[in-house]
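Number of protein chains: 2
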Amino acid sequence: MTTHYPESMVSLIEEFAKLPGVGLRTAERFAFYALGAPHEAVENLSKLLIKVNENVRYCRQCFNLSEESLCRICQDSGRDHSLLCVVQDPKDIIAIEKGGEYRGIYHVLLGVLSPLEGIGPKDIKVKELLNRLKKDAIREVVIGTSSDTEGDATFLYLLKQIKPLKIKVTRIAHGVPVGSALEFVDKATLARAFKQRQEV
Amino acid sequence: MTTHYPESMVSLIEEFAKLPGVGLRTAERFAFYALGAPHEAVENLSKLLIKVNENVRYCRQCFNLSEESLCRICQDSGRDHSLLCVVQDPKDIIAIEKGGEYRGIYHVLLGVLSPLEGIGPKDIKVKELLNRLKKDAIREVVIGTSSDTEGDATFLYLLKQIKPLKIKVTRIAHGVPVGSALEFVDKATLARAFKQRQEV
Chain A
1 MTTHYPESMV SLIEEFAKLP GVGLRTAERF AFYALGAPHE AVENLSKLLI
51 KVNENVRYCR QCFNLSEESL CRICQDSGRD HSLLCVVQDP KDIIAIEKGG
101 EYRGIYHVLL GVLSPLEGIG PKDIKVKELL NRLKKDAIRE VVIGTSSDTE
151 GDATFLYLLK QIKPLKIKVT RIAHGVPVGS ALEFVDKATL ARAFKQRQEV
Chain B
201 MTTHYPESMV SLIEEFAKLP GVGLRTAERF AFYALGAPHE AVENLSKLLI
251 KVNENVRYCR QCFNLSEESL CRICQDSGRD HSLLCVVQDP KDIIAIEKGG
301 EYRGIYHVLL GVLSPLEGIG PKDIKVKELL NRLKKDAIRE VVIGTSSDTE
351 GDATFLYLLK QIKPLKIKVT RIAHGVPVGS ALEFVDKATL ARAFKQRQEV
């Protein structure tokens with residue numbers, strides 16, 4: 001499909017097609033954008049690609065994304081460093097920070113236990129979490145793994161590992177989303193909402 | 201949505217979101233690709249963006265895409281330079297070349313007449329086409345504009361302009377696609393196929 005284009009166009013289309021979810025047709029449209037876009041925009045994109053690839057790394061403490069060795073949240077002395085939330089992915093931090101409610105710090109596992117996919121405790125940042133809990137003064141660990149089988153398994157595994165350290169462990173509540181009508185909520189969520197109903 | 205990411209990630213997401221059809225969600229996924237992809241792949245993409253933006257231009261003769269001032273097709277002495285096909289877009293050349301049947305040269309209008317969108321003959325490469333027809337020894341012009349209202353209007357306009365030059369003008373046939381069952385062909389195409397039926 002991509003022959004007959006100038007060579008650099010063909011190569012660019014091939015590189016764009018490596019982006020997640022991008023096929024040759026879409027890559028072609030992106031290449032036409034690169035062809036016709038203002039020079040500054042293309043130069044900016046070109047430079048940022050390199051910058052992100054070279055400079056954005058995981059925080060050495062919590063494995064959040066960071067341009068420095070310690071991320072902005074770990075560096076923030078205004079936050080509660082005795083409250084630690086465990087999440088699966090850096091994207092989860094973004095979601096929680098959007099909420100604006102949580103003022104503690106984080107630990108990113110960079111994955112979730114999945115025996116089916118052969119992902120065990122050694123493949124995610126569990127050892128690093130336990131080291132932090134032993135070393136730092138953490139009073140509560142909030143586990144924020146997802147509410148599917150793998151997230152549940154990870155929760156149970158972490159609970160077993162953390163209990164002996166005499167640290168309070170909690171899990172974020174799963175239930176009916178705020179503002180959502182019951183008729184639109186899936187069965188599993190409703191079941192969980194009833195099981196974990198609160199006395200008022 | 202994109203706050204809380206490292207600054208360069210935020211900027212990269214914004215640049216990716218300028219690509220056609222790409223929203224912030226998709227741009228975010230692309231940025232994660234840039235973060236985790238092998239350095240060579242990202243560097244290659246980065247370089248090609250600049251290369252295409254700086255070097256790929258329109259052929260000075262036919263307005264096909266080209267890295268040189270004259271495109272590969274215009275430079276090819278093995279092709280029939282007395283047969284010229286007029287198309288709307290460089291992508292149309294790719295499609296025709298894939299067919300492998302046509303051995304003439306091209307002229308890209310870089311658009312189509314559209315009174316509704318205020319696109320008149322001066323906004324597309326009509327003057328340049330007429331200059332070529334007056335200057336070069338062209339025996340036949342095949343008009344390959346699309347078969348919609350705008351393509352038809354452009355065809356009629358070109359026909360009127362070229363006729364006085366005493367050059368044979370033809371138009372590519374529109375009809376039932378080869379290999380397509382009649383039941384899957386739309387009404388307009390079928391109507392055209394009957395109107396332009398050929399005696400055998």
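Protein chains in written order, with the numbering used here: chain A, 1 to 200; chain B, 201 to 400.
Idealized CB from N, CA, C, for every residue including glycine.
Check                                                                                                                                                          : Outcome
Taking all protein chains shown into account, decide if A/Pro6 is buried (16 or more other Cβ within 10 angstroms of its Cβ) or exposed.                       : buried
So if I threshold CB-CB distances at 8 Å, which residues from the segment 246 to 265 of chain B count as touching chain A?                                     : Ser246, Lys247, Leu248, Leu249, Ile250, Lys251, Val252, Asn253, Glu254, Asn255, Val256, Leu265
Is the separation between the beta-carbon of B/Tyr306 and that of B/Ile343 shorter than 8 Å?                                                                   : no
Please tell me whether B/Leu333 and B/Val341 are closer than 8 Å, where the distance is taken between their beta carbons.                                      : yes
In terms of residue numbering, what span does the beta strand (DSSP E) encompassing A/Asp80 cover?                                                             : 80 to 87
Going by Cα to Cα distance, which pick from B/Thr349, B/Tyr302, B/Ile293 is closest to B/Val312?                                                               : B/Thr349
In the DSSP output, what is A/Lys168 paired with across the bridge?                                                                                            : A/Glu140
State yes or no: is the beta carbon of A/Lys125 nearer than 8 Å to at least one beta carbon in chain B?                                                        : no
Within 10 Å of its beta-carbon, does A/Ala173 have 16 or more other beta-carbons around it, so buried, or fewer, so exposed?                                   : exposed
Closer than 8 Å by beta-carbon distance: list the chain B residues that pair up with A/Ile93, in chain order.                                                  : His204
Cutting at 6 Å between CB atoms, please list the residues of its own chain near A/Ala27, excluding the five before and the five after it.                      : Ile13, Phe16, Ala17
With a 10 Å radius around its C-beta and 16 neighbouring C-beta atoms as the bar for buried, classify A/Pro177 as buried or exposed.                           : exposed
Under 8 Å Cβ to Cβ from A/Asp152, same chain only, skipping five residues before and after it: list those, please.                                             : Thr145
Can you tell me whether B/Lys251 is buried or exposed, with buried defined as 16 or more other CB within 10 angstroms of its CB?                               : buried
Let me check understanding here. Comparing Cα to Cα, which of A/Val42, A/Ser147, A/Pro121 lies closest to A/Thr189?                                            : A/Ser147
Alpha carbon to alpha carbon, what distance is there between B/Ile294 and A/Asp76?                                                                             : 55 Å
What residue does the beta strand (DSSP E) around B/Val210 start on, and which one ends it?                                                                    : Looking at the DSSP string, B/Val210 is not in any beta strand (DSSP E); the run it does join, the alpha helix (DSSP H), is 207 to 216.
With a CB to CB cut of under 8 Å and the five nearest residues on each side skipped, what residues in its chain are close to B/Thr370?                         : Glu340, Val341, Val342, Ile343
Residues of the segment 301 to 324 of chain B with a CB closer than 7 Å to any CB of chain A: list them in chain order, please.                                : none
Report the partner residues of B/Ile305 according to the DSSP bridge assignment.                                                                               : B/Leu284
B/Leu270 bridges to which residues according to DSSP?                                                                                                          : None, per the DSSP bridge assignment.
Starting from the beta carbon of B/Lys218, find every residue of chain A whose beta carbon is closer than 7 Å, and list them in chain order.                   : Ala41
Using only the heavy atoms of the ligand MG, determine whether one of them is closer than 7 Å to the beta carbon of A/Val42.                                   : Absent from the structure shown: the ligand MG. Ligands present: none.
Do you know how far the Cα of A/Ser180 is from the Cα of B/Ser211?                                                                                             : 33 Å
Report the rounded CA-to-CA distance for A/Gly36 versus B/Val256, giving the unit in angstroms.                                                                : 9 Å
With H, G and I counted as helix, E and B as strand and the rest as coil, what does DSSP make of A/Ile94?                                                      : helix
Out of B/Asp292, B/Gly304, B/Leu270, which has the shortest C-alpha to C-alpha gap to B/Ala337?                                                                : B/Gly304
If the cut is a Cβ gap below 9 Å, which residues of chain B does A/Arg29 touch?                                                                                : Leu219, Pro220, Gly221
Would you list the residues sitting across from A/Tyr58 in a DSSP beta bridge?                                                                                 : A/Leu65
Leaving out five residues on either side along the sequence, give the residues of the same chain with a beta carbon under 8 Å from the beta carbon of A/Val22. : Phe16, Phe30
For a cutoff of 8 Å on Cβ pairs, would you count B/Ser208 as touching chain A?                                                                                 : yes
How would you write the range of the alpha helix (DSSP H) that A/Ile162 sits in, first residue to last?                                                        : 149 to 162
Where do the N-terminal and C-terminal ends of the alpha helix (DSSP H) with A/Thr189 fall, by residue?                                                        : 187 to 195
Assuming A/Val87 and A/Leu129 make a contact with CB atoms under 8 Å, what is their CB distance in whole Å?                                                    : The Cβ separation is near 11 Å, so there is no contact.
Pop quiz: A/Tyr33 and B/Leu219 are said to be a contact at Cβ under 8 Å. What is the actual Cβ separation, rounded to whole angstroms?                         : 6 Å
Taking 7 Å as the limit between beta carbons, can you name the residues of its chain near A/Phe155, skipping five residues before and five after?              : Ile143, Thr145, Arg171
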